[in-house]
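Numbering (the numbering used here), first residue to last: 4 to 193.
No residue lacks a Cβ here, since even glycine has one placed at the ideal position from N, Cα and C.
Take a look at the structure below.
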């Protein structure tokens with residue numbers, strides 16, 4: 004979508020468009036994703052991922068395409084997972100629910116929830132790690148950070164603090180293997 008504007012010297016913007024009234028000239032997100040794969044990007048950022056393009060993207064993500072970020076509309080991280088599952092189950096060749104959970108768990112690492120408050124301000128309200136239960140493959144959201152509303156300022160804008168929940172991420176071990184040092188104290192409540 005046009006709202007994603009990056010200030011970086013090496014980026015290419017691709018934008019989908021609906022077909023013309025005569026039926027031609029449309030460009031789907033799925034076709035843009037297939038094109039993007041051919042130019043071998045280090046990162047893919049997708050705005051407003053809604054439907055069947057997810058079935059194009061998911062197989063590439065869980066087969067090793069790292070560096071994908073996307074926005075999607077959902078009222079909570081849990082609802083996002085439900086929407087992903089529902090969309091993938093409605094694909095022409097749906098996998099079993101257990102296989103879908105395994106694919107989603109392999110494709111996504113972090114879910115960041117952004118909410119717009121009544122005052123009009125937008126704030127990150129939750130950062131969750133997406134994991135799966137090793138026994139049955141069910142998806143689990145491990146909330147790492149949560150916005151805690153403290154009130155409103157003199158202009159009526161929501162104010163608050165972003166605080167750790169005390170949960171430690173499982174991806175820490177992956178980062179350590181890559182040589183990335185992560186101070187686990189950032190995950191501990193004060």
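Anticipated Cβ contact below 8 Å, residue 147 with residue 132, distance rounded: For the purposes of this step, residue 147 is identified with residue 144 of the chain shown, where counting begins at 1. For the purposes of this step, residue 132 is identified with residue 129 of the chain shown, where counting begins at 1. Confirmed, Cβ separation roughly 6 Å.
9 Å Cβ cutoff met for residue 7 and residue 48: The sequence position of residue 7 within the chain shown is 4, counting from 1. The sequence position of residue 48 within the chain shown is 45, counting from 1. Yes, the Cβ-Cβ distance between residue 7 and residue 48 is below 9 Å.
Presumed contact (8 Å Cβ cut-off) between residue 114 and residue 144, rounded CB distance: Counted from its first residue, the chain shown places residue 114 at position 111. Counted from its first residue, the chain shown places residue 144 at position 141. Yes, they are in contact, since the Cβ atoms of residue 114 and residue 144 sit about 7 Å apart, within 8 Å.
Which of helix, strand or coil DSSP assigns to residue 87: Translated into the one-based positions of the chain shown, residue 87 becomes position 84. The DSSP-derived three-state label of residue 87 is helix.
Proximity winner among 181, 180, 184, 191, relative to residue 169 (alpha-carbon distances): Translated into the one-based positions of the chain shown, residue 169 becomes position 166. Out of 181, 180, 184, 191, 191 has the C-alpha closest to the C-alpha of residue 169.
Residue closest to residue 40, alpha-carbon to alpha-carbon, out of 126, 62, 90: Taking the chain shown and counting its residues from 1, one reaches residue 40 at position 37. Distances from the CA of residue 40 to each of 126, 62, 90 were compared; the closest alpha carbon is that of 62.
Residue 1, buried or exposed, once every other Cβ within 10 Å from all chains shown has been counted against 16: Since the displayed the chain opens at 4 and closes at 193, residue 1 lies outside it and no answer follows.
Per-residue burial, residue 56 [other beta carbons within 10 Å of its own, 16 or more giving buried]: By 1-based counting over the chain shown, the position of residue 56 is 53. Around the beta carbon of residue 56, 16 or more other beta carbons lie within 10 angstroms, which makes this residue buried.
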